[in-house]
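One structure below.
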Ligand code: F0G
C-alpha cells in the first residue's frame, strides 16, 4: 500500500526515530516540514531571538497531523477498520482526514457547542461520524477510553503513544533548522500531549548527538482551564481558546516532567491576553493563528516584562541573543468567528465609484 512518490511527510523524513517497519503502510498527507519563521517584532519586545514554528501550515491546519500520520498508519497495520477520538476540534479534523486517506471509518466525540466552526466543518467534510455530547472534552475522552479493547477499533487520542511519536518530529525539525536546540521552547498546553512529545523529541536528538543542549520547556494554559498550573483537576474548564478547554489532561505527568526536568515551568494567560496576542501577531507579523496558539505568544508578551523577576525560570534564560521558539499550533482560519467578533470587524461600505471609495479610505 506504500504509494509511489510518497517521499514527504514525517514518517519518510524521520523513519529511524519512529515505530514503523517495512510492513507499515504509510498513510501520509505530506505533513510536517513546517516553516520556522523569525519574528523581528517579538524579538525586539523580548530582547531575544524569537522564532515561530507555524504548525497551522500542516495539511489539516494544525500540529495534529504529525501524530495522526503515525497513529493511523499503525492502526491500519494492526487491522483497524475504525478509529475514534475525543477532541476539541483539531484532533478530530486530523483523524477524519487521515482515516479518509486510509479508507477506514472515523468517529469523533466532541463537546457540544464548543468546537470552532472550521474544525467542525472539517470533521464532516472528511466524512467522519460526529457525536456532540452534552459534556466537556474530559467527558468525551472518558467515553472514548471505554472503546479501548473493542476489536477493529483504534483510539487515536494522544493516550495512543504513536501520536506522541509523530508529534516529537517538530522538535527534530527545529534542531535541524537552528543547527541546535533553542534555549527556550514555549507552547500552549491543553491535554498536554504536545509538550510531552516535544520534550521527548528534544531528548532523543540530544541523546543521538544531533544537538548539544536541551531547551527549557515553558507551557501556557488558559487561566480558566489550568489544572496543571493550579495542581488540581478543573471540573468546569472555560476559555475562549476552545482547543485548550480541558480540565483533566491525559498527559499531565508528561507536562510536569517536561517543565521540571528542563528547568522550565507551566504558567497561565487570560483570555484577554490570548485575544490581544492573536490580534497583535496577525497585524504586526502577518501570521494568523487560532486563539489557543496565541497562548504561547501571550505568554512571551506577558513574561518578558516580568522576566527579571527573581525565581522565574525565564529570568536566567531570556537574555540578549537567547534563541526562543514558540509553537503556534493551529491556523487562524479554523476559528474566524472568534477573531471577527473580538476585533468587531466590519468593512466600511461605499458606492461603486473611485471618489466614494477614496472618501471612505480617507475617513478611516
Ligand atoms: N493548540 C491547539 C490548536 C490544539 O488544538 C491543542 C489541542 C493544543 C494547542 C494543546 O495541545 O492537547 O497536546 O496539550 N487540541 C486537542 C484536540 C485537545 O482535540 O484537538 P495538547
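Numbering (my numbering), first residue to last: 24 to 387.
Even for Gly, the Cβ is constructed at its ideal location relative to N, Cα and C.
Predicted model, so just to flag it, every value in this text is computed and none were measured.
Contact annotation: residue 275 and residue 315 have beta-carbon atoms that are not nearer than 8 Å.
Placement of the Cβ of residue 215 at a distance of less than 7 Å from at least one heavy atom of the ligand F0G is found. As DSSP reads the structure, residue 173 sits in no beta bridge. The alpha-carbon separation between residue 145 and residue 229 amounts to approximately 37 Å.
Runs of the beta strand (DSSP E) spanning 3 or more residues and lying entirely within the segment 268 to 297 occur at 288 to 292, in chain order.
At the C-beta level, residue 318 and residue 267 come within 8 Å of one another.
Not one heavy atom of the ligand F0G lies closer than 7 Å to the C-beta of residue 279. Exclusion of residue 176 from the 7 Å shell around the ligand F0G follows from its C-beta lying no nearer than that to any non-hydrogen atom of the ligand.
Annotation for residue 248 indicates a beta carbon at 7 Å or more from all heavy atoms of the ligand F0G.
Under the DSSP assignment, residue 118 falls in the alpha helix (DSSP H) whose first and last residues are 113 to 125.
DSSP places residue 160 inside the alpha helix (DSSP H), whose first and last residues are 160 to 168. Around the beta carbon of residue 378, a 10 Å sphere encloses fewer than 16 other beta carbons of the protein chains shown; the residue is thus reported as exposed. Between residue 112 and residue 142, the CB-CB gap stays under 8 Å.
Taking a cut-off of 8 Å for Cβ pairs, the segment 164 to 174 and the segment 279 to 295 do not touch, as fewer than three such pairs fall below it. Bounds of the beta strand (DSSP E) holding residue 59 are 59 to 61. Here residue 324 is actually not in contact with residue 349; their C-beta atoms are around 10 Å apart, not less than 8 Å. In the DSSP annotation of this structure, residue 352 is not part of any alpha helix (DSSP H), being labelled neither H nor E. Ranked by Cα distance from residue 133, the first of 121, 164, 125 and 106 is 164. By the criterion of a C-beta distance shorter than 6 Å, residue 73 is surrounded in its chain by 62, 65, 66 and 347, once the five residues flanking it on both sides are discounted. Judged by beta-carbon spacing, residue 92 lies beyond the 8 Å limit of residue 78, meaning their Cβ atoms are not closer than that value.
If one requires a minimum length of 3 residues, the beta strand (DSSP E) runs lying completely within the segment 36 to 118 are 59 to 61, 72 to 77 and 105 to 109, in chain order. Taking C-alpha positions only, residue 166 is separated from residue 243 by approximately 27 Å. For residue 218, the enclosing alpha helix (DSSP H) stretches over residues 216 to 230. Taking C-beta atoms under 8 Å as the contact rule, residue 310 and residue 351 qualify, at a distance of about 7 Å. Residue burial is scored here from C-beta neighbours: residue 180 has at least 16 other C-beta atoms within 10 angstroms and is therefore classed as buried. For residue 262, the closest of 97, 213, 367 and 240 by C-alpha to C-alpha distance is 213. The beta-carbon distance between residue 245 and residue 221, rounded to whole angstroms, is 19 Å. This is too long to meet the 8 Å contact definition. In the structure shown, the three-state DSSP call for residue 209 is strand. For the set 277, 269, 40 and 204, the Cα lying nearest the Cα of residue 239 is the one of 204. Under the three-state reduction of DSSP output, residue 142 falls in the helix class.
Annotation: residue 137 is outside any beta strand (DSSP E) and is labelled neither H nor E by DSSP. Taking 7 Å as the cut-off, one finds at least one heavy atom of the ligand F0G near enough to the beta carbon of residue 87.
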